[in-house]
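**Q** Residue numbers for the sequence shown follow our numbering, beginning at 118 and rising by one.
Structure below; questions to follow.
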Amino acid sequence: MTAEWTVRALDGDVPRELLGQRFPATVPGCVTTDLLADGVIVDPYVDENEASCAWIGRTRWEFATEFELVPSDDDQHERIDLVCLGLDTVAMIAVNGQILAETCNMHRSYRFDVGHLVSPGRNSLTVVFDAPVSYAERASKEIGPRPHVNLHPFNAVRKMASSFGWDWGPDLACAGIWRPIGIERWHTARIGSVRPAVEVDFDEEAGRRGAERAREGRVVAHVDVERASKDPLVVTARIGDVAASVELAPDATCATVQLTVPDVAVWWPVGYGAQPLYELDVDVSRPGAAVVDRWHGRVGFRTVELDTSIDTIGHRFAIAVNGVEIAVRGANWIPDDCFVSRVDRARYAERLTDAVQANMNLLRVWGGGIYESDDFYDLADELGLLVWQDFLFACASYAEEEPLRSEIVAEATEAISRLAAHPSLVLWNGCNENLWGHEDWGWKQSLGDQSWGAGYYFEILPEIVGRLDPSRPYSAGSPWSFSHDIHPNDPDNGTMHVWDVWNQRDYSAYREYAPRFVSEFGFQGPPAWSTLVRAVHDQPLAVDGAGLRSHQKAEDGMAKLARGLAPHFPLPRSME
């Protein structure tokens with residue numbers, strides 16, 4: 118939908134002079150970037166401006182547009198849908214003044230039949246967003262407050278957790294239509310999702326290690342179809358010259374199509390081989406008639422296993438691709454912008470290429486962010502950069518009751534279905550630090566008999582992964598020891614996060630650690646000087662300056678930096 122949009126504040130903590138004013142809006146986008154572009158606010162990334170934008174997260178916002186609907190030449194079995202690929206977050210949608218739906222999950226897409234609400238000619242569309250911070254506070258009280266890090270109860274709403282502030286980033290929760298939105302017309306049937314499961318048969322004599330080709334590859338495409346009629350359908354999958362079709366009975370909405378491709382080129386992580394990708398097309402048609410919908414994607418022929426077997430030390434944690442254990446060198450990937458709609462393919466390409474050039478071969482998409490855009494995973498496929506994907510739970514306990522439970526099931530189901538085709542994706546992970554937090558951060562005492570998320574990590578999520586994406590391994594959390602009888606952050610078992618270095622100890626203490634797999638560690642460092650002086654304009658620039666302190670998000674961060682420098686360097690005389 119490329120029509121012009123406007124945004125206005127409805128109520129909340131909005132400055133009086135802005136109440137009700139309409140401003141031009143960009144979709145996809147968010148209200149903060151719109152206000153910045155319109156000169157209403159100053160850049161929240163600069164100096165102490167973040168605090169002056171806090172009212173945005175406590176204000177209700179209305180996005181509005183009009184669109185033209187052209188009469189259809191053939192309205193037989195036609196559906197007219199409003200497709201919303203990303204609404205951030207708690208939204209009420211109205212078409213021509215009539216309420217269509219309410220949503221409450223940034224991490225889902227939505228599709229609504231609007232045929233009964235629209236007519237040829239001009240139509241109106243409004244999306245009203247609740248104030249995210251205020252909503253989270255109300256929701257937390259309704260479901261029962263539960264432990265979380267940082268200030269706001271981000272665990273009460275399915276929104277990017279780090280938008281509420283983190284120990285590395287600002288508190289800039291906002292609202293907006295963050296992914297594309299538009300009207301889609303279709304008839305007969307459409308493809309809802311395609312989940313390709315890949316299998317590889319290697320030549321037994323040649324083996325798998327370093328193999329450039331395999332004897333054959335199989336793709337089992339699980340296709341979900343939405344119908345507008347009871348017509349019989351044919352679902353066809355194709356890779357190059359290899360094609361197969363199945364008939365779909367009038368009352369069926371799921372099909373499974375298997376392709377066997379001989380002599381396939383094998384996909385490898387960067388540094389281990391090439392990254393050949395095969396074009397996969399899936400069509401839906403009436404028997405003997407034209408195609409009514411098509412899905413296009415790419416697959417790579419590779420296998421993946423996670424070895425968590427017990428040896429003389431404890432539980433291993435080793436990722437093997439095509440039977441070869443990978444020496445993982447990687448980093449945690451957080452959202453590349455507080456306003457994620459600003460991140461385009463070019464920026465993803467730059468960042469992921471930087472990772473490869475830094476000799477990384479894996480990025481862990483951290484659980485306080487988002488399920489990334491298709492561009493991110495497409496580029497990872499092309500670069501051979503492995504992806505470990507967290508489900509979106511971080512540093513908090515989460516209610517397992519409704520309404521969150523159904524939202525989380527729907528969100529996980531969609532994420533798995535959308536990402537299943539990508540060969541770069543090698544691991545699903547249940548949560549970030551929640552198992553550790555429950556054990557060590559006083560949660561047990563404050564929770565009492567309240568649910569806290571264990572049902573998600575040990576039951577619901579592994580069941581969904583096992584049913585929809587059984588070719589990929591699943592881990593309940595990071596860190597996790599793979600045993601309820603062993604501390605979740607044990608160095609000899611599974612994954613470990615090392616944060617006493619930086620928080621309490623000098624970096625030289627890393628020599629004392631030899632974890633099985635360290636999935637988080639780090640030590641804060643200042644940015645490049647050119648970056649620092651673009652964001653902070655204190656005069657003089659000093660460690661205790663207001664602008665610099667505003668940008669220091671780690672608890673007692675300046676003291677930790679001083680403590681880390683003191684044993685190794687003389688006391689600096691100035692910032693320069």
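Note that beta-carbon positions come from the ideal geometry of N, C-alpha and C, so glycine has one too.
Since this is a predicted model, take the numbers as computed values, not measurements.
1. Are the beta-carbon atoms belonging to THR398 and ARG330 less than 8 Å from one another?
2. Check whether the Cβ atoms of GLU343 and ARG307 lie closer than 8 Å to each other.
3. DSSP has PRO313 in a bridge; who is on the other side?
4. Quick one, which of ALA676, HIS654, LYS677 and ALA181 has its alpha-carbon nearest ASP164's?
5. What is the residue span of the alpha helix (DSSP H) that ASP492 lies within?
6. Can you list, in chain order, the stretches of the alpha helix (DSSP H) that have 4 or more residues and sit fully within the stretch 536–575?
7. DSSP beta-bridge partners for THR176?
8. Given a cut-off of 8 Å on the beta-carbon distance, is the pair VAL245 and GLU179 in contact?
9. Near ALA154, what residues of its chain come up, given a Cβ to Cβ distance below 6 Å and the 5 sequence neighbours on each side ignored?
10. Just reading off the alpha helix (DSSP H) that LEU665 is part of, what are its end residues?
11. Quick one: grab the DSSP three-state call for TYR591.
12. For ASN700, write down the residues that DSSP places opposite it in a beta bridge.
13. To the nearest angstrom, how far is the alpha carbon of ILE298 from that of VAL144?
14. Kindly confirm or deny that the stretch 429–445 and the stretch 384–401 touch, where touching means at least three C-beta pairs closer than 8 Å.
15. When you compare each of GLY485, ALA354, GLY565 and MET613 to TRP450 by their alpha carbons, which one comes out closest?
16. Should ILE487 be labelled buried (16 or more other beta-carbon atoms within 10 Å of its own) or exposed?
17. Under 8 Å, do CYS548 and ALA516 count as touching if we go by C-beta distance?
18. Which first and last residues belong to the beta strand (DSSP E) in which GLY414 is found?
19. Can you tell me whether GLU442 is helix, strand or coil according to DSSP?
20. Drop a sphere of 10 angstroms on the beta-carbon of ASP507, count the other beta-carbons inside from all chains shown, and report buried for 16 or more, exposed for fewer.
21. Indicate the three-state DSSP secondary structure (helix, strand or coil) for ASN610 in the structure shown.
22. Taking the straight line between their C-alpha atoms, what separation do you get for SER279 and THR425?
23. For GLN621, which of LEU682, TYR574 and GLU550 has the nearest alpha-carbon?
24. Would you mind reading off the limits of the alpha helix (DSSP H) that contains GLY583?
25. Under 7 Å from any heavy atom of the ligand FMN, does the C-beta of THR530 make it?
26. Starting from ASP198, trace the alpha helix (DSSP H) both ways and give me its first and last residue.
27. Could you pull the start and end residues of the beta strand (DSSP E) that MET675 belongs to?
28. Beta strand (DSSP E) containing GLN506: first to last residue?
29. Report yes if the CB atom of VAL340 is closer than 8 Å to the CB atom of VAL315, and no otherwise.
30. Return the Cβ separation of VAL504 and VAL445 in integer angstroms, given the expectation that the two are a contact with Cβ distance under 8 Å.
31. Quick one: give me the first and last residue of the alpha helix (DSSP H) that ARG139 is part of.
32. Please classify GLY417 as buried or exposed, where buried requires at least 16 other C-beta atoms within 10 Å of its C-beta.
33. Under 8 Å, with one C-beta from each stretch per pair, do the stretch 241–255 and the stretch 280–293 reach the 3-pair mark?
34. Quick check for students: name the residue ranges of the alpha helix (DSSP H) that lie wholly in the stretch 204–264, counting only runs of 4 or more.
35. So for TRP597, helix, strand or coil by DSSP?
36. Look at the Cβ atom of LEU480, then the Cβ atom of LEU509, and state whether they are nearer than 8 Å.
**A** Put simply:
1. Along the sequence shown, one-based indexing puts residue 398 at 281. Along the sequence shown, one-based indexing puts residue 330 at 213. The sequence given here places Asp at residue 398; Thr does not occur at that position. Going by C-beta atoms, ASP398 is not nearer than 8 Å to ARG330.
2. Position 226 of the sequence shown, counting from 1, holds the residue named residue 343. Position 190 of the sequence shown, counting from 1, holds the residue named residue 307. Yes, Cβ-Cβ distance for GLU343 and ARG307 is below 8 Å.
3. By 1-based counting over the sequence shown, the position of residue 313 is 196. Answer is ALA338, bridged to PRO313.
4. One-based indexing of the sequence shown puts residue 164 at position 47. Looking at the Cα atoms, HIS654 is the closest of the given residues.
5. As a first step, residue 492 must be located in the sequence shown, where it is residue number 375. Segment 491–500, the alpha helix (DSSP H) holding ASP492.
6. 551–557 and 560–564
7. Against the sequence shown, residue 176 aligns to sequence position 59. Answer is GLY129, bridged to THR176.
8. Within the sequence shown, residue 245 is the residue found at index 128, counting from 1. Within the sequence shown, residue 179 is the residue found at index 62, counting from 1. In contact: VAL245 and GLU179 (Cβ atoms closer than 8 Å).
9. In the sequence shown, the residue the question calls residue 154 occupies position 37. Result list for ALA154: empty, nothing under 6 Å.
10. Your numbering for residue 665 matches position 548 in the sequence shown. Residues 663–668.
11. Sequence index remark: in the sequence shown, residue 591 carries index 474 (1-based). Of the three classes helix, strand and coil, the one that applies to TYR591 here is strand, per DSSP.
12. Within the shown structure, residues of the chain are numbered from 118 to 693, placing residue 700 beyond reach of any answer.
13. Taking the first residue of the sequence shown as position 1, residue 298 is located at position 181. Taking the first residue of the sequence shown as position 1, residue 144 is located at position 27. Those two C-alpha atoms are separated by around 8 Å.
14. yes
15. Looking up residue 450 in the sequence shown gives position 333. Checking every option, the nearest Cα to that of TRP450 belongs to GLY485.
16. Counted from its first residue, the sequence shown places residue 487 at position 370. That one is buried.
17. Position 431 of the sequence shown, counting from 1, holds the residue named residue 548. Position 399 of the sequence shown, counting from 1, holds the residue named residue 516. The answer is no: Cβ separation not under 8 Å.
18. By 1-based counting over the sequence shown, the position of residue 414 is 297. Element bounds for GLY414: 408–416.
19. Counting from one through the sequence shown, the residue named residue 442 turns up at place 325. DSSP places GLU442 in strand when its eight states are reduced to three.
20. Position 390 of the sequence shown, counted from the first residue, corresponds to residue 507. Looking at its Cβ environment, which holds 16 or more other Cβ atoms inside 10 Å, ASP507 is buried.
21. The residue labelled residue 610 in the question sits at position 493 within the sequence shown. Correct three-state label for ASN610: coil.
22. Within the sequence shown, residue 279 is the residue found at index 162, counting from 1. Within the sequence shown, residue 425 is the residue found at index 308, counting from 1. Their backbone Cα atoms lie some 30 Å apart in a straight line.
23. Within the sequence shown, the letter at position 504 stands for residue 621. Considering only alpha carbons, the answer is LEU682.
24. Here the question's residue 583 lines up with position 466 in the sequence shown. Per DSSP, GLY583 belongs to the alpha helix (DSSP H) from 578–585.
25. Of ligands this structure carries none, so the ligand FMN is not represented either.
26. Indexing the sequence shown from 1 puts residue 198 at position 81. Taken as a continuous stretch (DSSP letters only), ASP198 belongs to no alpha helix (DSSP H), being part of the beta strand (DSSP E) at 195–201.
27. Taking the sequence shown and counting its residues from 1, one reaches residue 675 at position 558. Careful: MET675 lies outside any beta strand (DSSP E), inside the alpha helix (DSSP H) at 674–682.
28. Position 389 of the sequence shown holds residue 506. Run containing GLN506: 503–507, per the beta strand (DSSP E) assignment.
29. Position 223 of the sequence shown, counting from 1, holds the residue named residue 340. Position 198 of the sequence shown, counting from 1, holds the residue named residue 315. Not in contact: VAL340 and VAL315 (Cβ atoms no closer than 8 Å).
30. Taking the sequence shown and counting its residues from 1, the one referred to as residue 504 is at position 387. Taking the sequence shown and counting its residues from 1, the one referred to as residue 445 is at position 328. Not a contact, Cβ separation roughly 12 Å.
31. In the sequence shown, counting from the first residue as 1, residue 139 sits at position 22. First-last for ARG139: 139–142, but that is the beta strand (DSSP E), not the alpha helix (DSSP H).
32. Taking the first residue of the sequence shown as position 1, residue 417 is located at position 300. It is buried - the Cβ of GLY417 has at least 16 other Cβ atoms within 10 Å.
33. yes
34. 249–260
35. Taking the first residue of the sequence shown as 1, we reach residue 597 at position 480. Note: TRP597 maps to strand in three-state DSSP.
36. One-based indexing of the sequence shown puts residue 480 at position 363. One-based indexing of the sequence shown puts residue 509 at position 392. No, they are not a contact pair.
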